[in-house]
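Protein chains: 4
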Amino acid sequence: MEEVQRPRVGRKRSEAARRAILDAALELLRLHGYARLTTDAIARAAGVGKQTIYRWWPSKAAVALEALTELGRAIPSPETGSLEGDLAAFLASTFRLLRGPRGTAAVLKGLMAEAQLDPEFARGFAVFIASRRGALRAILERHAGRAEPARLEAAVDMLFGAMWYRLLVGHAPLDIAFARVLARLSARSLRPVRG
Amino acid sequence: MEEVQRPRVGRKRSEAARRAILDAALELLRLHGYARLTTDAIARAAGVGKQTIYRWWPSKAAVALEALTELGRAIPSPETGSLEGDLAAFLASTFRLLRGPRGTAAVLKGLMAEAQLDPEFARGFAVFIASRRGALRAILERHAGRAEPARLEAAVDMLFGAMWYRLLVGHAPLDIAFARVLARLSARSLRPVRG
Amino acid sequence: MEEVQRPRVGRKRSEAARRAILDAALELLRLHGYARLTTDAIARAAGVGKQTIYRWWPSKAAVALEALTELGRAIPSPETGSLEGDLAAFLASTFRLLRGPRGTAAVLKGLMAEAQLDPEFARGFAVFIASRRGALRAILERHAGRAEPARLEAAVDMLFGAMWYRLLVGHAPLDIAFARVLARLSARSLRPVRG
Amino acid sequence: MEEVQRPRVGRKRSEAARRAILDAALELLRLHGYARLTTDAIARAAGVGKQTIYRWWPSKAAVALEALTELGRAIPSPETGSLEGDLAAFLASTFRLLRGPRGTAAVLKGLMAEAQLDPEFARGFAVFIASRRGALRAILERHAGRAEPARLEAAVDMLFGAMWYRLLVGHAPLDIAFARVLARLSARSLRPVRG
DNA sequence: GTATAAGCGAGACGGTACGTCAAGTCTTTTT
DNA sequence: AAAAAGACTTGACGTACCGTCTCGCTTATAC
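Chains as they are written, first to last, in the numbering used here: chain A, 1 to 195; chain B, 1 to 195; chain C, 1 to 195; chain D, 1 to 195.
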């Protein structure tokens with residue numbers, strides 16, 4: 001079921017405008033946080049008409065999501081030889097990105113909020129979440145592939161859940177130590193019962 | 001450090017208005033969800049002036065939070081004799097409340113969203129979260145009190161984190177089966193390594 | 001038809017409160033003008049409950065009106081021997097009061113505005129206006145009593161009208177010179193046609 | 001001093017919206033009077049967003065003023081050959097407009113009130129007043145041009161003053177008879193002393 | 001090479017909700 | 001019973017953003 005590719009007529013989408021919008025969105029997010037991000041402000045900062053944003057994205061949240069996806073493209077899936085080691089490395093580099101300079105944590109929090117308020121956006125956000133889950137699930141399967149699927153799923157929920165929970169509530173930091181403890185607990189919970 | 005108890009003069013806060021506001025808020029949340037909850041609507045439904053809401057609560061989120069706190073007052077902390085059993089029971093009754101008739105899940109999601117957008121509210125919300133954490137922490141300490149504190153904290157984060165994660169993302173249900181798997185994994189991760 | 005004087009029971013109306021209210025009202029009018037006068041502010045400044053104001057006056061405009069009436073009690077009706085002279089003297093002292101230190105002009109303007117917006121108050125205000133008209137009318141009748149009543153009425157309208165018009169529109173000052181010109185024109189318009 | 005005519009970009013002001021707003025304002029004024037006119041009601045009746053009103057007018061009073069100015073565009077300046085005749089005709093047609101079907105009198109009263117309460121609006125209102133004064137002044141100058149300017153000004157104040165005074169206080173009607181008396185008194189007061 | 005189709009920056013538009021202000025009323029305690 | 005204090009309902013205010021709709025241009029293909 002190919003996409004119909006009829007060679008369209010008229011002016012082409014401006015890559016310059018697209019970049020300017022994404023960059024402006026990230027910049028504004030970094031400066032003021034998601035709550036104070038407005039479509040008007042993005043348009044103004046990007047030197048772009050509001051319609052140009054709405055032509056290509058359904059909402060400001062979608063813009064932020066795309067901007068973010070670009071950033072978070074490559075978190076490496078390391079190979080240390082042990083489940084605990086791989087998990088610790090994966091979580092540590094994820095947490096490091098969140099503490100990064102681009103206000104990534106703020107953006108993620110804002111997107112999760114938006115997903116609660118806008119069901120349309122929630123669907124797009126779920127795709128993003130699923131792709132991250134896939135990466136973590138792959139690590140678990142590499143070392144504990146014989147465990148029941150429900151347990152693997154639950155383990156993923158517990159790891160990413162713990163991350164999001166700290167991210168959203170802010171009661172404790174997402175640091176290396178936390179990455180290590182999570183890895184340790186998770187590895188212990190999944191290992192075969194009998195040595 | 002006594003609370004100054006100067007016997008106030010003038011008309012007293014109307015308990016009737018307070019109740020009407022909280023009830024109206026819960027009712028509207030149940031009917032339309034948090035995203036469509038407005039201060040005007042609460043005031044109208046409660047037969048109350050908007051100002052009366054703003055006099056006592058800083059935002060509609062604070063109203064919803066208070067309404068919710070009343071509801072969630074008593075989730076029992078069971079005693080089954082084992083860590084896994086207690087966890088499974090606690091999680092199961094928590095999940096049951098979330099599936100309950102008052103749209104509790106929707107309210108919680110909305111509140112978490114609000115906390116991301118309004119730092120002022122985030123502080124109040126954190127108190128609510130902390131009280132729930134305390135209940136779960138108590139169960140863990142009863143059976144695994146000798147574990148390092150950081151591990152207990154992380155275990156709480158993983159359990160409630162997993163719950164919130166499913167609640168917010170909606171990729172899988174919060175059912176009894178999930179409660180059991182979480183309890184199992186958590187118990188295994190905390191038990192002493194050697195029998 | 002005597003007023004029934006049944007010796008009322010309970011606490012008596014506090015003259016101190018009455019004075020405090022009128023004084024506070026005048027002071028606030030002088031400071032901020034009528035537009036920014038609020039019942040709350042009067043009550044606060046007078047150290048009085050709002051209800052005490054509403055118990056005795058129907059609106060803040062009525063308070064201002066009473067305060068004003070006290071001030072404007074005695075504008076002398078002079079006797080110079082000529083119509084023109086009497087008019088000039090009467091207008092000059094009226095204008096002088098308006099330029100006085102108590103913000104009288106501002107109060108009058110505010111009351112006229114209120115009368116346009118509140119029919120209830122308009123009635124009370126009309127009484128005040130009528131009493132001023134009476135004073136001016138008396139002067140005219142003293143010297144031009146044989147003129148048709150309609151002309152005397154019209155002359156009063158033209159004199160007070162001119163005053164109010166300048167007061168309300170503010171396009172020109174209410175000074176001695178204006179008082180003299182008005183007196184001159186009015187006297188000429190009313191004198192018998194033939195010497 | 002040319003008006004800078006930079007050829008504006010973006011969507012143009014909607015004449016349809018402008019008309020709808022002015023028409024709605026007049027209609028509401030006619031129905032309910034100025035005191036009960038609200039920006040919300042105008043917007044609703046005109047099928048327009050409130051912001052569209054605030055974008056082009058600083059207040060509801062400015063809307064009413066513009067609506068009114070359109071109405072009162074043409075009161076004829078008649079030529080009867082005599083000062084008294086011209087004045088009588090001018091005043092009579094002015095009064096007739098005020099009694100007209102569009103609630104003009106009510107609007108004018110409301111605007112004068114507003115001018116007392118809002119200094120910003122007072123400036124705009126003064127322009128309107130000045131234009132009316134100009135028309136009357138022209139008639140006076142045609143027949144009594146040699147009189148001192150201060151007397152002409154005062155005569156204008158007395159005529160329009162009398163009109164506004166009756167309009168605002170409402171103690172007597174603005175009818176033909178009043179127009180005639182005003183014209184008579186005014187003409188007599190300005191004629192040369194000696195035939 | 002000229003019609004036709006889209007994209008673009010700008011900005012006005014119809015709406016919804018916000019949080020504030022003041023008006024006038026009602027309730028509690030004190031005098 | 002009146003007073004001070006202050007909470008109450010009501011209703012309008014002016015602002016902030018939302019997402020849509022023109023306007024006058026600027027590119028691109030298509031004829």
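From the three backbone atoms N, C-alpha and C, an ideal C-beta is built for every residue, glycine too.
### Query
Okay, do the region 71 to 91 of chain C and the region 35 to 52 of chain C touch, 3+ Cβ pairs below 8 angstroms being the bar?
no
### Query
Does the beta-carbon distance from leucine 152 of chain A to arginine 137 of chain A come in below 9 angstroms?
yes
### Query
Taking leucine 29 of chain D as the reference, which of D:Ser14, D:Ile176, D:Gly47, D:Val63 has the closest Cα?
D:Val63
### Coarse secondary structure for glutamate 70 of chain D, derived from DSSP in three states
helix
### Message
By the three-class DSSP mapping on this structure, what secondary structure does isoleucine 75 of chain D have?
### Response
coil
### Message
Here's a check: name, in chain order, each residue in its chain whose Cβ is nearer than 6 angstroms to the Cβ of proline 58 of chain C, leaving out the five neighbours to either side.
### Response
none
### Task
Give the residues from the region 94 to 124 of chain B that approach chain A closer than 8 angstroms (Cβ to any Cβ), ordered along the chain.
Lys109, Gly110, Met112, Ala113, Glu114, Ala115, Gln116, Leu117, Asp118, Ala122
### Message
For the region 131 to 147 of chain D against the region 128 to 146 of chain C, do three or more pairs of beta-carbon atoms, one drawn from each stretch, fall closer than 8 angstroms, so that the two count as touching?
### Response
no
### Limits of the unbroken alpha helix (DSSP H) element including leucine 108 of chain B
Following the DSSP letters along the chain, one finds leucine 108 of chain B inside the alpha helix (DSSP H) bounded by residues 104 to 117.
### Message
Output needed for isoleucine 176 of chain B: all residues of its chain with C-beta closer than 7 angstroms, excluding positions within five of it in sequence on either side, in chain order.
### Response
Ala92
### Task
Could you check what DSSP says for glycine 161 of chain B in three-state terms: helix, strand or coil?
helix
### Query
Given 8 angstroms as the limit, is there contact between the region 102 to 113 of chain B and the region 11 to 22 of chain C, that is, 3 or more CB pairs closer than that?
no
### Message
I believe alanine 105 of chain C touches arginine 99 of chain C by the beta-carbon criterion, under 8 angstroms. Please report the beta-carbon distance rounded to the nearest angstrom.
### Response
7 angstroms
### Task
Note down, in chain order, every chain C residue with its Cβ under 7 angstroms from the Cβ of histidine 143 of chain D.
The premise fails here: histidine 143 of chain D is roughly 15 angstroms from chain C at the closest Cβ pair, so nothing lies under 7 angstroms.
### Task
Assign glutamate 15 of chain D to one of three DSSP states: helix, strand, or coil.
helix
### Message
Taking beta-carbon pairs under 8 angstroms, can you tell me which members of the region 148 to 181 of chain C lie near chain D?
### Response
Ala150, Arg151, Glu153, Ala154, Ala155, Asp157, Met158, Leu159, Phe160, Gly161, Ala162, Met163, Trp164, Tyr165, Arg166, Leu168, Val169, Gly170, His171, Ala172, Ala177, Phe178, Val181
### Task
For alanine 25 of chain D, count neighbouring C-beta atoms within 10 Å of its own C-beta (all shown protein chains included) and say buried if the count is 16 or more, exposed if not.
Looking at its Cβ environment, which holds 16 or more other Cβ atoms inside 10 Å, alanine 25 of chain D is buried.
### Message
Is the separation between the beta-carbon of leucine 83 of chain D and that of arginine 8 of chain D shorter than 9 angstroms?
### Response
no
### First through last residue of the alpha helix (DSSP H) which encompasses glutamate 84 of chain A
83 to 98
### Query
Does the distance from the CB of alanine 187 of chain C to the CB of alanine 162 of chain D come in under 9 angstroms?
no
### Query
What is the DSSP secondary structure of glutamate 148 of chain C, counted as helix, strand or coil?
coil
### Task
Label serine 189 of chain A either buried or exposed according to how many other C-beta atoms from any shown protein chain fall within 10 Å of its C-beta, with 16 as the threshold for buried.
buried
### Query
Within 10 angstroms of its Cβ, does leucine 182 of chain B collect 16 or more other Cβ (buried), or is it exposed?
buried
### Task
Using 10 angstroms around the beta-carbon of tyrosine 165 of chain B, count the other beta-carbons present and answer buried if the total reaches 16, otherwise exposed.
buried
### Query
Looking at the structure shown, is arginine 55 of chain D part of a helix, part of a strand, or coil, going by DSSP?
helix
### Message
What does the Cβ neighbour count give for glycine 197 of chain A, buried or exposed, with the cut at 16 atoms within 10 Å?
### Response
This structure cannot settle anything about residue 197 of chain A, because the visible part of chain A is limited to 1 through 195.
### Query
Which value, in whole angstroms, describes the spacing of the CA atoms of glutamine 51 of chain B and tyrosine 34 of chain B?
21 angstroms
### Span separating the alpha-carbon of alanine 67 of chain B from that of arginine 55 of chain B
16 angstroms
### Query
Quick one: does alanine 88 of chain A have its CB under 9 angstroms from some CB of chain B?
Alanine 88 of chain A does not count as touching chain B.
### Message
Determine whether the beta carbon atoms of threonine 39 of chain D and lysine 60 of chain D lie at a separation below 9 angstroms.
### Response
yes
### Collapsed DSSP secondary structure at threonine 39 of chain B in the structure displayed
Threonine 39 of chain B: helix per DSSP, three-state reduction.
#### Entry: Three-state secondary structure (DSSP) of glutamate 3 of chain A
Its pLDDT being 46, under 50, glutamate 3 of chain A is placed unreliably in this model, and the value from its coordinates should be taken loosely. When secondary structure is reduced to three states using DSSP, glutamate 3 of chain A falls in the coil class, being assigned neither helix nor strand.
### Message
Please confirm whether arginine 18 of chain C has its beta-carbon closer than 9 angstroms to some beta-carbon of chain D.
### Response
no
### Residue of A:Glu27, A:Ile139, A:Phe178, A:Arg123 minimising C-alpha distance to isoleucine 75 of chain A
A:Ile139
### Message
When you compare the CB of isoleucine 139 of chain C with every CB in chain D, is at least one pair closer than 9 angstroms?
### Response
no
### Query
Got a sec? Which residues, its chain only, sit under 8 angstroms from alanine 172 of chain A by beta carbon, not counting five neighbours each side?
Arg166, Phe178
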